[in-house]
Ligand SMILES: [Zn+2]
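Following this line, the structure appears as C-alpha cells:
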C-alpha cells in the first residue's frame with residue numbers, strides 16, 4: 007500500500023489499526039494536499055482581510071473533520087492540529103493539549119476573529 011505523497015506520510019500503524027483500504031488512504035492524502043494549500047495561503051493572513059482569514063480557517067476545520075472521517079476516527083475538534091503550522095497563531099501549541107480544551111491566547115490573530 008502506498009502511504010506517501012510529497013511530504014505527507016501516513017502512520018502505517020494507524021492505517022492498519024483502522025483497517026483502511028488504498029481508496030481510504032488516497033482520500034486522506036487528497037485532504038492533506040488541500041490542507042497544505044490552505045495553510046500556505048494562511049501564511050499570508052496578516053495581509054488578508056479578517057473575513058478572508060476566517061473563511062480559510064472555517065474551510066481548514068472542515069477539512070480536519072473530513073480527514074477524521076476518512077480515518078474512521080471520531081470527529082473531534084480537540085484533535086485538530088492545523089494551527090500548529092501557522093507561526094502567527096500565538097496560542098500554546100504544545101501537544102499536552104491534544105485531545106483537551108486548548109486555551110486561546112488573547113492576542114492570537116487567528117483564533118480571535
Ligand atoms: Zn491561535
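Numbering (this note's numbering), first residue to last: 7 to 119. Each residue gets a CB set at the ideal place from its N, CA and C atoms; glycine is no exception. On a predicted model such as this, the values are computed, not experimentally measured, just so you know.
Less than 6 Å between the CB of residue i and some heavy atom of ligand 1, yes or no?
i           : result
residue 116 : yes
residue 73  : no
From the DSSP secondary-structure annotation, give me the bridge partner or partners of residue i.
i          : result
residue 15 : 10
For residue i, which option in the options has the closest C-alpha, if you only look at C-alpha atoms?
i           : options           : result
residue 62  : 77, 84, 83, 88    : 88
residue 153 : 83, 105, 44, 49   : Outside the displayed range of the chain (7 to 119) lies residue 153, so it cannot be described from this structure.
residue 105 : 37, 86, 25        : 86
residue 59  : 47, 69, 70, 68    : 47
residue 93  : 117, 22, 67, 30   : 117
residue 40  : 12, 112, 84       : 12
residue 113 : 103, 95, 100, 102 : 95
Which whole-angstrom value is the C-beta distance of residue i and residue j, which I expect to be below 8 Å?
i           : j          : result
residue 26  : residue 18 : Not quite, the Cβ-Cβ distance comes to about 10 Å (not below 8 Å), so this is no contact.
residue 108 : residue 98 : 7 Å
residue 76  : residue 34 : 5 Å
residue 28  : residue 7  : 6 Å
Starting from the N-terminal side, write out each stretch of the alpha helix (DSSP H) that is 4 residues or longer and does not extend beyond the stretch 23 to 51. 28 to 48
Taking the runs of the alpha helix (DSSP H) that are 4 residues or longer, which of them lie wholly in the stretch 53 to 114? 56 to 76
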